[in-house]
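S.K.: A single structure is presented below for examination.
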Amino acid sequence: MISRRTFLAATAAAAAAGAFKAQAADFEGQSLRVQFWGGSDGLAIQKYIVDPLMKATGAKVVVEEGVTSASIAKIVAQKNDPQIDVALLDDVGVFSLNRQGLLDKIDFSKVPNAADVHPDFVLDGGFGVGFWTYITTILHNKKAAAPASWEDLWSPDYQGKVLVPSINDTQALLLTVMAARLGGGGLDNLAPAWPKLEALKPQVFSFIENRALDAQALQAGQAIAAVDIPSYFKPYMVNSAEIGATTSLKEGYFAITGAAVIVKGSKGNRDLAHAFINQALSPDAQAGFATDIWYGPTNKKTVVSESAAPYVVHTPEQLAKAIQVPRLELVNKRPEIVENWNRIFNS
511 MISRRTFLAA
521 TAAAAAAGAF
531 KAQAADFEGQ
541 SLRVQFWGGS
551 DGLAIQKYIV
561 DPLMKATGAK
571 VVVEEGVTSA
581 SIAKIVAQKN
591 DPQIDVALLD
601 DVGVFSLNRQ
611 GLLDKIDFSK
621 VPNAADVHPD
631 FVLDGGFGVG
641 FWTYITTILH
651 NKKAAAPASW
661 EDLWSPDYQG
671 KVLVPSINDT
681 QALLLTVMAA
691 RLGGGGLDNL
701 APAWPKLEAL
711 KPQVFSFIEN
721 RALDAQALQA
731 GQAIAAVDIP
741 SYFKPYMVNS
751 AEIGATTSLK
761 EGYFAITGAA
771 VIVKGSKGNR
781 DLAHAFINQA
791 LSPDAQAGFA
801 TDIWYGPTNK
811 KTVVSESAAP
821 YVVHTPEQLA
831 KAIQVPRLEL
841 VNKRPEIVEN
851 WNRIFNS
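Residue numbers for the sequence shown follow our numbering, beginning at 511 and rising by one.
Below is the structure:
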């Protein structure tokens, strides 16, 4: 059975002789319909994928915005007449849509940059490919010692000083999985999480709802730790020397991959769709994502700026510490987690 690493190297080698034909092709007057997130994520994608591709190819990229759940719902609703050619979404979207037969396999011979992508980011047998990754970890007040382990959240030093995710956010589900792991369980055995979360109650300063106020609490030392995605605090951290984020936790940190997929049966030019994905995998685009929104690269040739390096996973050693939770299984466990979370924290 051919490995993902060998597969990528072989298919990319076939494409690498000369130049990237699809990129060099004349796509003047052609359109590609894509869907991805709004906000700062969307602005970064526009800046580093959409605009450079349109300039290089003469193509028009028509953008629709939506979070991952909305993108999944739209692609499912349009399955008999697809209106989206390429979607960028969280990895759970790859697994969900591919289970329903709604994706085309990516032809990596048309995506030269894929040769430099870490093989773990080729998803579901090649029906998706990761172009960035972001982590859930522990942020902290730098005047206190940086946490070395998730267990530190239960330390007496943290009593009443931990910012805990809202149960509406995936970060709360991941914290629950970590609590289970610390108790000897895991996603397949959540029972150890419940007493562990009970023991976390006295540690809670507040639940993360307003990151501007939460950042103020961290800066002032009212809270000394927060379980969250570092990029969400970026607007406040760039102007503050008091808030840090660790990528050195003993047990690792949770990673979620942003991925590109091609919608089955869509009408857009397939070479253009692959050119779009190739741009997403380029070192230049991924360096831009790291700097602008603190999302880590999947292309091993990406050079991460000094300013972004403390907040993104980008070295082989860091990638080895990244915990990839099976996302569909996590979604299936959500009702159980929410029920127990509310019982514990609302009582």
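Just so it is clear, CB atoms sit at the ideal spot from N, CA and C, and this is done for glycine as well.
Can you look up D561 in the DSSP assignment and give me helix, strand or coil?
M.R.: As a first step, residue 561 must be located in the sequence shown, where it is residue number 51. Reduced to three states, the DSSP call for D561 is helix.
S.K.: Let me know the secondary structure DSSP gives K531 once reduced to three states.
M.R.: As a working note, residue 531 is residue 21 in the sequence shown. For K531, the predicted structure reports a pLDDT of 49, less than 50, and the residue's modelled location is therefore unreliable. A value from the coordinates is still provided. If DSSP states are grouped into helix, strand and coil, K531 belongs with the helices.
S.K.: By a C-beta neighbour count over all protein chains shown, 10 Å radius and 16 as the cutoff for buried, is R837 buried or exposed?
M.R.: In the sequence shown, counting from the first residue as 1, residue 837 sits at position 327. It is buried - the Cβ of R837 has at least 16 other Cβ atoms within 10 Å.
S.K.: Between which two residues does the alpha helix (DSSP H) harbouring F855 extend?
M.R.: Residue numbering aside, residue 855 sits at position 345 when the sequence shown is read from its first letter. Run containing F855: R837 to F855, per the alpha helix (DSSP H) assignment.
S.K.: Assuming D600 is part of the beta strand (DSSP E), what are its boundary residues?
M.R.: Residue 600 sits at position 90 when you count from the first residue of the sequence shown. Start and end: V596 to D600.
S.K.: For V813 and A797, I'd like the C-alpha separation in whole angstroms.
M.R.: In the sequence shown, the residue the question calls residue 813 occupies position 303. In the sequence shown, the residue the question calls residue 797 occupies position 287. Taking the straight line from one Cα to the other gives about 6 Å.
S.K.: Based on DSSP bridge pairs, tell me the residues matched to K480.
M.R.: The requested residue 480 is not part of the displayed model; the chain covers only 511 to 857.
S.K.: Buried or exposed: which applies to L553, given that a residue is buried once 16 or more other Cβ atoms fall within 10 Å of its Cβ?
M.R.: If you number the sequence shown from 1, residue 553 lands on position 43. Flag for L553 reads exposed.
S.K.: Where does S676 land, buried or exposed, given buried means 16+ other C-beta within 10 angstroms?
M.R.: For this step, residue 676 is matched to residue 166 along the sequence shown. By the neighbour-count rule (16 or more Cβ atoms within 10 Å), S676 is not buried but exposed.
S.K.: I585 bridges to which residues according to DSSP?
M.R.: If you number the sequence shown from 1, residue 585 lands on position 75. Per DSSP, none; premise fails for I585.
S.K.: I need the straight-line Cα distance from F546 to Q593, nearest angstrom please.
M.R.: One-based indexing of the sequence shown puts residue 546 at position 36. One-based indexing of the sequence shown puts residue 593 at position 83. Going from the Cα of F546 to the Cα of Q593 covers about 14 Å.
S.K.: Which value, in whole angstroms, describes the spacing of the CA atoms of L692 and T643?
M.R.: Reading the sequence shown from its first residue, position 182 is the one you call residue 692. Reading the sequence shown from its first residue, position 133 is the one you call residue 643. When rounded, the distance between both Cα atoms is 24 Å.
S.K.: Can you tell me the Cα-Cα spacing of A727 and D662, whole angstroms?
M.R.: Residue mapping note: residue 727 aligns to position 217 of the sequence shown, counting from 1. Residue mapping note: residue 662 aligns to position 152 of the sequence shown, counting from 1. Straight-line Cα distance between these residues: approximately 19 Å.
S.K.: Any idea if R853 is buried or exposed, counting beta-carbon neighbours within 10 angstroms, 16 or more meaning buried?
M.R.: Residue 853 sits at position 343 when you count from the first residue of the sequence shown. That one is exposed.
S.K.: In chain order, what are the residue ranges of uninterrupted alpha helix (DSSP H) at least 4 long that sit wholly in the region 735-816?
M.R.: 744-747, 780-790 and 793-803
S.K.: Within its chain, find whatever has a CB closer than 6 Å to the CB of F799; leave out the 5 residues flanking it on each side and keep chain order.
M.R.: On the sequence shown, residue 799 is found 289 positions in, with the first residue counted as 1. Excluding positions up to five away in sequence, the list reads A554, W642 and Y805.
S.K.: Just how far apart, CA to CA, sit H650 and G640?
M.R.: Counting from one through the sequence shown, the residue named residue 650 turns up at place 140. Counting from one through the sequence shown, the residue named residue 640 turns up at place 130. If I take the Cα positions, the gap works out to 28 Å.
S.K.: Under 7 Å Cβ to Cβ from S550, same chain only, skipping five residues before and after it: list those, please.
M.R.: Taking the sequence shown and counting its residues from 1, the one referred to as residue 550 is at position 40. Once the five neighbours on either side are set aside, the close Cβ partners of S550 are I803.
S.K.: Are three or more beta carbon pairs between the region 738-745 and the region 690-709 nearer than 8 Å?
M.R.: no
S.K.: In whole angstroms, give me the CA-to-CA distance for Y763 and L782.
M.R.: Residue mapping note: residue 763 aligns to position 253 of the sequence shown, counting from 1. Residue mapping note: residue 782 aligns to position 272 of the sequence shown, counting from 1. Distance between the alpha carbons of Y763 and L782 is about 36 Å.
S.K.: With a threshold of 8 Å on Cβ separation, who are the neighbours of P610 within its own chain once the five nearest residues in sequence on each side are excluded?
M.R.: Start at 1 with the first residue of the sequence shown, and residue 610 comes out as number 100. Per the sequence shown, the amino acid found at residue 610 is Gln instead of Pro. So the list reads V586 and K589, once near-sequence residues are dropped.
S.K.: Bridge partners of I718, per DSSP?
M.R.: Translated into the one-based positions of the sequence shown, residue 718 becomes position 208. Looking at the DSSP assignment, I718 forms a beta bridge with P675.
S.K.: What residue does the alpha helix (DSSP H) around G549 start on, and which one ends it?
M.R.: On the sequence shown, position 39 is the one that residue 549 refers to. Here the alpha helix (DSSP H) through G549 covers G549 to I555.
S.K.: Just to confirm the assignment, what range does the beta strand (DSSP E) spanning V639 have?
M.R.: As a working note, residue 639 is residue 129 in the sequence shown. Boundaries of the beta strand (DSSP E) around V639: G638 to N651.
S.K.: How about I772 and L598: do their beta carbons lie closer than 9 Å?
M.R.: The residue given as residue 772 occupies position 262 in the sequence shown. The residue given as residue 598 occupies position 88 in the sequence shown. No, the pair does not count as a contact, with Cβ atoms beyond the cut-off.
S.K.: Looking only at its chain, what residues have a beta carbon closer than 7 Å to the beta carbon of F605, apart from the 5 residues adjacent to it on each side?
M.R.: In the sequence shown, the residue the question calls residue 605 occupies position 95. The residues D634, R837 and L838, in chain order, have a CB closer than 7 Å to that of F605 in the same chain once the five nearest residues on each side in sequence are set aside.
S.K.: Where N842 and A566 are concerned, what is the direct C-alpha to C-alpha distance, given to the nearest angstrom?
M.R.: Walking along the sequence shown from the start, residue 842 turns up at place 332. Walking along the sequence shown from the start, residue 566 turns up at place 56. Rounded to whole angstroms, N842 and A566 show a C-alpha spacing of 42 Å.
S.K.: Between which two residues does the alpha helix (DSSP H) containing V687 stretch?
M.R.: One-based indexing of the sequence shown puts residue 687 at position 177. Residues T680 to L692.
S.K.: The beta strand (DSSP E) spanning Q545 covers which residue range?
M.R.: Counted from its first residue, the sequence shown places residue 545 at position 35. Looking at the DSSP string, the run of the beta strand (DSSP E) that includes Q545 is S541 to F546.
S.K.: Grab me the residues of Y558's own chain with a C-beta within less than 6 Å of its C-beta, minus the 5 sequence neighbours each way, in chain order.
M.R.: The sequence position of residue 558 within the sequence shown is 48, counting from 1. Excluding sequence neighbours, Y558 sits near A795 and G798.
S.K.: Quick one, which of L723, A654, R844 and S758 has its alpha-carbon nearest V823's?
M.R.: Here residue 823 refers to the residue found at position 313 when the sequence shown is read from its first residue. Ranking the options by Cα distance to V823, first place goes to S758.
S.K.: Throw me the rounded Cβ distance for the I718 and A765 pair, which I believe falls under 8 Å.
M.R.: Indexing the sequence shown from 1 puts residue 718 at position 208. Indexing the sequence shown from 1 puts residue 765 at position 255. Actually they do not touch by this definition, with Cβ atoms about 19 Å apart.
S.K.: Use the C-beta contact count for D536: other C-beta atoms within 10 angstroms, 16 or more gives buried, fewer gives exposed.
M.R.: On the sequence shown, position 26 is the one that residue 536 refers to. Exposed, since its Cβ has fewer than 16 Cβ neighbours within 10 Å.
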